[in-house]
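So in our numbering the end of the sequence shown lands on 275, straight run, no missing numbers.
Even for Gly, the Cβ is constructed at its ideal location relative to N, Cα and C.
Since this is a predicted model, take the numbers as computed values, not measurements.
I have placed the structure first, in the form of structure tokens, so that the comments after it can refer back to it.
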Amino acid sequence: MSNLAIVPTYNEKENIVAMIDAVMALDGYDILVVDDGSPDGTAALVKDQQVKYGSDRVHLLERSGKLGLGSAYIAGFKYGLEHDYDYLYEMDADFSHDPKDLLRLRAACDAGADMTVGSRYTKGGGFVDWPRDRIFISKGGSLYVRTLTFMPIKDPTAGFICYSAKVLRAIDLDKVGLKGYAFQIEMKYVAYKLGFKIKEVPIIFKDRELGTSKMNTSIIKEAISGVIKLRCRNIKKYYSSTK
Ligand SMILES: Nc1nc2c(ncn2[C@@H]2O[C@H](COP(=O)(O)OP(=O)(O)O)[C@@H](O)[C@H]2O)c(=O)[nH]1
Ligand SMILES: [Mg+2]
């Protein structure tokens with residue numbers, strides 16, 4: 033079974049080399065970096081790592097400008113499906129997610145889940161060093177999503193995910209349109225509504241030590257209106273790839 037960790041980057045020169053090393057240390061894992069033309073030269077560092085590990089294990093998709101996290105993942109999913117990976121993962125470049133936990137996400141899929149969510153809000157999960165305002169936004173967002181959607185997922189904005197390929201193949205990826213946190217909510221809600229089995233695995237989320245967050249208020253606004261749009265949609269009809 034093949035594994036592809038998809039890591040979107042925008043100005044992550046302080047993190048990306050160590051992140052690739054950490055994924056390469058895991059048995060059976062490849063990495064795809066989706067870089068949005070980072071002005072800090074992140075892509076050049078990825079290319080050095082391709083020389084070190086081989087471009088069959090370290091993949092790079094370069095896009096022309098900052099097009100958003102959601103569309104970076106969609107491009108990454110399409111790439112991973114074309115390359116026939118069995119498991120495709122979402123993970124940040126900044127070590128907020130521990131790359132070693134990729135194995136725990138995978139184990140839950142091996143045990144029968146179609147998709148695993150690395151969750152801060154399930155028993156045993158949590159965060160360290162996260163600023164208070166970020167905790168407030170994250171917890172408030174989770175409550176908002178769960179109240180509006182009735183989705184039984186405790187951490188709906190989580191961005192540390194393992195998908196078995198069949199989940200992504202079932203979704204018409206061109207219809208997934210939200211960009212920031214809203215993208216994370218959209219993917220979970222669609223997978224849930226399409227009947228896939230989603231399991232939450234506790235993780236400890238660490239604030240980034242290096243580089244800067246790309247979080248902004250437009251991301252929050254998009255999430256608030258995005259959830260309402262999702263609720264108004266016939267999910268199966270709109271997103272199913274086998275219509
Ligand atoms: N390709 C791409 N990556 C992005 C974009 N915005 C954020 N990222 C990456 O997505 C991940 C999460 O973003 P981050 O700024 O850490 O958000 P936070 O963890 O919510 O503060 C990091 O790896 C970022 O480099 C974007 O527009 N394009
Ligand atoms: Mg981060």
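Buried or exposed (CB count within 10 angstroms, at least 16 for buried), residue i
| i | result |
| --- | --- |
| I271 | Per the sequence shown, the amino acid found at residue 271 is Tyr instead of Ile. The residue is buried, with at least 16 neighbouring Cβ atoms inside 10 Å. |
| E241 | exposed |
| V149 | buried |
| F182 | exposed |
| F127 | buried |
| R138 | buried |
| L175 | exposed |
| F215 | buried |
| L124 | Note that residue 124 is Asp in the sequence shown here, rather than Leu. So D124 counts as buried. |
| P131 | buried |
C-beta atoms of residue i and residue j nearer than 8 Å
| i | j | result |
| --- | --- | --- |
| I63 | D133 | no |
| V233 | R152 | no |
| L36 | V66 | no |
| T189 | I217 | yes |
| A96 | G73 | It should be pointed out that residue 96 corresponds to Ser in this sequence rather than to Ala. Not closer than 8 Å, so no. |
| V177 | V259 | yes |
Alpha carbon of residue i to alpha carbon of residue j, nearest angstrom
| i | j | result |
| --- | --- | --- |
| S245 | E114 | 31 Å |
| N47 | P163 | 20 Å |
| R212 | A255 | Note that residue 212 corresponds to Gly in the displayed sequence, not to Arg. Approximately 8 Å, taken between the alpha carbons. |
| R265 | K225 | 11 Å |
| G144 | I185 | 17 Å |
| K199 | L120 | The question names Lys, yet the displayed sequence has Val at residue 199. So the two alpha carbons sit approximately 10 Å from each other. |
| Y105 | D239 | 21 Å |
| D53 | G108 | 19 Å |
| Q158 | F237 | Note on residue identity: the sequence assigns Gly, not Gln, to residue 158. If you take the alpha carbons of G158 and F237, they lie about 6 Å apart. |
| M154 | K231 | Rather than Met, the amino acid found at residue 154 in this sequence is Thr. Spanning the two alpha carbons is a distance of roughly 10 Å. |
| I167 | G191 | 15 Å |
| D187 | Y195 | 16 Å |
| L101 | V160 | 23 Å |
| L210 | L262 | 10 Å |
| K229 | A197 | 13 Å |
| K98 | P71 | 10 Å |
| K207 | D165 | 32 Å |
Closest by C-alpha distance to residue i, when choosing among the options
| i | options | result |
| --- | --- | --- |
| H91 | A145, D126, A223 and P40 | P40 |
| I203 | F168, G156 and T274 | T274 |
| M247 | Y111, F228, Y42 and I38 | Y42 |
| V55 | L210, R89 and F168 | R89 |
| G173 | H129, I252, Y105 and G108 | I252 |
| V222 | Y61, V160, R201 and K268 | K268 |
| A75 | A57, E44 and K220 | E44 |
| Y117 | P131, M33 and M147 | M33 |
Beta carbon proximity, residue i to chain B, threshold 8 Å
| i | result |
| --- | --- |
| R95 | Annotation note: the requested chain B is absent from the structure, which comprises a single protein chain. |
Legend entry - Unbroken stretches of the beta strand (DSSP E), 3 residues or longer, contained in the segment 90–157: 90–94, 119–122 and 147–151, all fully within the segment 90–157.
Legend entry - Ordered list of beta strand (DSSP E) runs contained in the segment 203–235, each at least 3 residues: You should have 230–234.
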